[in-house]
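Participant: Numbering-wise (this note's numbering), the sequence shown opens with residue 553 and increments by one. Cβ atoms here follow ideal geometry from the backbone N, Cα and C, with glycine treated the same way. As the structure is a prediction and not an experimental result, all values here were calculated from the model.
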Amino acid sequence: MTLSEKEIQQNRQILSETDERMATTFKVLSVVNRYRIFRILVEQPKISVSTIAEILNISLPLASQHIKILVQANLIQKRREGKKVFPKIAQDNPFVPAILKTIKQAYKLRVK
């Protein structure tokens, strides 16, 4: 199948910045501990970084590094209370509701 020049241009427009952001999101969540951090925050929205590190059995600096990457990808946000940092899901990211829905659906399928 051969496309016309107009069809080629239309397809190029479809491949937009959104595709790059989505690919970055998948890349960030492809690291198991980052995905697990995100999933923990779905279930436990008021949990500290130190507790996340304990749950995942990783060092606090490593957990902090993963959280930094999740923040840079706009998947989570951080809130500080004294010396403790509390990450939370970034609700302003348009991809987050779809990711949350997928995680919840996958979890339901596993539980049954």
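1. Can you tell me whether DSSP reads residue 623 as helix, strand or coil?
2. Should residue 608 and residue 640 be called a contact, given that it needs their Cβ atoms to be closer than 8 Å?
3. Could you spell out where the alpha helix (DSSP H) holding residue 601 opens and where it closes?
4. By DSSP, does residue 584 sit in helix, in strand, or in coil?
5. Does the separation of the CB atoms of residue 590 and residue 628 fall below 8 Å?
Facilitator: Reading it off the structure:
1. When secondary structure is reduced to three states using DSSP, residue 623 falls in the helix class.
2. No.
3. Unbroken alpha helix (DSSP H) run through residue 601: 601-608.
4. Of the three classes helix, strand and coil, the one that applies to residue 584 here is helix, per DSSP.
5. Yes, these two residues count as a Cβ contact at 8 Å.
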